[in-house]
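Inspection log for the structure reproduced underneath, given as structure tokens.
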Amino acid sequence: MLDLGNKTIDESQQGMALKSDLNAAALKKFYIESYGCAMNFNDSEIVASILHEKGYGATSNMEEAQLVLINTCSIRDKAEQTVRHRLMHFKGLKKRNRQLLVGVLGCMAERLKEKLLEEEKLVDIVVGPDAYRALPALIEEAESGQKGVNVLLSREETYGDINPIRLDANGISSFVSIMRGCNNMCSFCVVPFTRGRERSRDADSIIREASELFDMGYREVTLLGQNVDSYRYEHSNGEVISFANLLEKVASINPLLRVRFSTSHPKDITDDVLFTMAKHQNICNSIHLPIQSGSTAVLQRMNRTYTREWYMHKVARIKEILPDCGLSTDIIVGFCGETEEDHQETLEVLEACRFDLAYMYLYSERPGTLAARRYEDDVPNEIKSRRLDEVIAVFRKGSQLSNESDIGKTFEILVEGPSKKDESNFNGRNQQNKMVIFPRGNSSVGDYIQVKITGCTSGTLFGEIV
Ligand code: SAH
Ligand code: SF4
Ligand code: F3S
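Letter 36 of the sequence shown, counting from 1, is numbered 319 in the numbering used here, and no numbers are missing.
As structure tokens, this is what we get:
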């Protein structure tokens, strides 16, 4: 998952309804809630743009909407349960307003298809991630009393020409999708089924979008893909653009535009990318490199196609080329056949790598995946939970040490906004993606400032402007 500024996007979180009421004058209003990864949140912004073209304005008040949309995630069972609860909640709205249409978008729509209509009896529209252009037509169908369903996956759709309407934006940092789908077949993962084949977005449209964001005052873009290192776009003039080339192009828009990216796959991240990061000061020294497990045997069953040693070697290479690079990861605990020894190996890697940020999950079997078909989900829940606690404890110890070692250092921070706990403070992140809280001084949102670190917890740094 991704850390969205001060929000960590994860299905355990409440969905995020947009804060700004866009196009207040529009006749028809839609309300949208998003769950899952940053790509899903970015898709909601594409949907907002498609609906805007058809005269719909966004509202943050579901009571005044004619159309309620929920953009869903299927990554773990819990993510789907959250969506089911929300659908039950919308049922009440539908009772009060018989004209109201409810639409399910995203990965759960793709996974369950028409079944969603039967199961809940309160869904009017089901649209998969590659079919958002069909939404206006599906709404018309639904208005005439039919159910509107389109879950066709595409090999080409990238929505490259659509300018997303930024929902819940802080005006400083934004996402830019650079590809869709995934061709990897990690055995635990539902994404290849819900998002289809991998395809890369036209590089010119990516650069145009990032440039426009900069002109609008944004100071940070995060390039998004399930596996950014396999980005590859062949220009009509024959030029082949790799991820390293793309990074370079985006970084060259303006030195004041910070560039981040997610997610990197340990098997695919190249020295080229690392050298490009080293060359451009505005490409943030921070890499999200999910390990999933520290045991080679487990990694093999997961079909991650690298070993524990390969991963450790990549981390060493990153630190060699980018000595101060921030590192974050994802871990799945209790995958099929995980023994106590496998678990200890994960703890060892956590201790050795000292990740700044880690998203740690209990394995959740997803229907239809390779793991569901081939392996037994045989680690009992109590053991999974105990192992997760241990993984979290070791990670926290590492991140505490990593944060303590920052005390006394000075970092360049991009000011993002007021701190939640105390509005007299601002927060912002350093290149390594660590959140830093400091008294405002004379700084303003969007400024780059130098902050000296004076204290920390395992999750946050505190400092003063110097
Ligand atoms: N493309 C990214 C991750 C996408 S999903 C990558 O390759 O790393 C985000 C994270 O969810 C994964 O890294 C994994 O840690 C977790 N995840 C995926 N499927 C899961 C499952 N079935 N159970 C538990 N966690 C899962
Ligand atoms: Fe899922 Fe693996 Fe693709 Fe990531 S790389 S989306 S974990 S299949
Ligand atoms: Fe979830 Fe789909 Fe993203 S399953 S994590 S919303 S790609």
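The beta-carbon is built from N, C-alpha and C at its ideal position, and this holds for glycine as well.
Alpha carbon to alpha carbon, how far is residue i from residue j?
i: G500; j: N537; result: 12 angstroms
i: D730; j: N713; result: 12 angstroms
i: V406; j: V385; result: 5 angstroms
i: M643; j: L744; result: 21 angstroms
i: Y314; j: T441; result: 24 angstroms
i: P475; j: L507; result: 16 angstroms
i: R463; j: H368; result: 28 angstroms
i: K602; j: N568; result: 10 angstroms
i: V434; j: D326; result: 15 angstroms
i: H372; j: L395; result: 20 angstroms
i: S545; j: E393; result: 23 angstroms
i: D304; j: N354; result: Residue placement at D304 is flagged as unreliable, the pLDDT there being 46, under the threshold of 50; the coordinate-derived value follows with that caveat. Those two C-alpha atoms are separated by around 18 angstroms.
i: T588; j: A452; result: 37 angstroms
i: G742; j: M718; result: 8 angstroms
i: N686; j: K398; result: 48 angstroms
i: V432; j: I408; result: 6 angstroms
i: R480; j: C465; result: 5 angstroms
i: S483; j: A527; result: 14 angstroms
i: T342; j: L310; result: 11 angstroms
i: F558; j: H571; result: 17 angstroms
i: S547; j: I566; result: 15 angstroms
i: I292; j: Y646; result: At I292, the pLDDT of 38 sits below 50, so the modelled position is not reliable; the number obtained from the coordinates is stated separately. If you take the alpha carbons of I292 and Y646, they lie about 18 angstroms apart.
i: Y514; j: D487; result: 14 angstroms
i: L352; j: V511; result: 28 angstroms
i: L285; j: A321; result: Confidence is the limiting factor: at L285 the pLDDT is only 42, short of 50, which leaves the residue's position unreliable, though a coordinate-based value still follows. Their backbone Cα atoms lie some 6 angstroms apart in a straight line.
i: I690; j: F721; result: 13 angstroms
i: L530; j: E592; result: 27 angstroms
i: D413; j: C739; result: 43 angstroms
i: R543; j: V598; result: 18 angstroms
i: D485; j: K532; result: 13 angstroms
i: I604; j: K562; result: 10 angstroms
i: E424; j: K337; result: 14 angstroms
i: H518; j: I524; result: 7 angstroms
Which residue wins for smallest C-alpha separation from residue i, given the options the options?
i: G724; options: Y516, Y644, E706 and D512; result: E706
i: R416; options: E628, H335, N716 and T553; result: H335
i: V749; options: C739, G738, V734 and G742; result: V734
i: G389; options: L418, H372, K311 and K377; result: L418
i: S437; options: K311, Q627, V410 and Q382; result: V410
i: I696; options: E503, V523 and P663; result: E503
i: L370; options: R379, E347 and K404; result: K404
i: R656; options: V387, E426 and E648; result: E648
i: T365; options: V387, K377 and A348; result: V387
i: S681; options: D639, Y516 and R515; result: Going by the sequence as given, residue 681 is Gly instead of Ser. For G681, the nearest C-alpha among the options comes from D639.
i: Y658; options: P447, P650 and E665; result: P650
i: L582; options: Y516, C619, K597 and L610; result: C619
i: L350; options: D360, R359, E328 and L376; result: L376
i: E426; options: K374, R381 and C739; result: R381
i: A676; options: V330, L633, K703 and E316; result: L633
I'd like to confirm something about residue i: is its beta-carbon nearer than 7 angstroms to some heavy atom of the ligand SF4, or not?
i: C739; result: no
i: N467; result: yes
i: H548; result: yes
i: N510; result: yes
Return the chain-ordered list of same chain residues with a C-beta closer than 7 angstroms to the C-beta of residue i, the five sequence neighbours on each side being excluded.
i: T629; result: S576, G577, S578, I614 and V674
i: A362; result: E294, Y318, G319 and C356
i: A580; result: D625
i: N586; result: M468, C469, S470 and L653
i: L684; result: R637
i: S332; result: I445, N446, P447 and I448
i: R541; result: R502, E503, N565, C567 and L697
i: A307; result: Residue placement at A307 is flagged as unreliable, the pLDDT there being 48, under the threshold of 50; the coordinate-derived value follows with that caveat. These residues qualify, in order along the chain: G340.
What I want to know is whether the C-beta of residue i ends up closer than 7 angstroms to one or more non-hydrogen atoms of the ligand SAH.
i: P663; result: no
i: D613; result: yes
i: R657; result: no
i: F471; result: yes
i: Q733; result: no
i: R649; result: yes
At a Cβ threshold of 8 angstroms, is residue i touching chain D?
i: Y501; result: Annotation note: the requested chain D is absent from the structure, which comprises a single protein chain.
Kindly list the residues whose CB is nearer than 8 angstroms to the CB of residue i, restricted to its own chain and excluding five residues on each side of it in sequence; keep chain order.
i: E699; result: G288, N289, N453, I455, S456, F709, N710, G711, R712 and V728
i: S726; result: V698, F709, I732 and I748
i: R600; result: D554 and L557
i: I736; result: D689, I690, G691, K692, T693, F694, V719, L744, F745 and G746
Residues in its own chain within less than 6 angstroms of residue i by CB, not counting five upstream and five downstream?
i: Y594; result: P549 and I574
i: T477; result: S357, C390, E393 and R394
i: V662; result: G617 and E621
Of all residues in the structure, which have a C-beta closer than 6 angstroms to any heavy atom of the ligand F3S, taken in chain order? G319, C320, M322, N323, C356, S357, I358, G389, C390, V473, V474, T477 and R478
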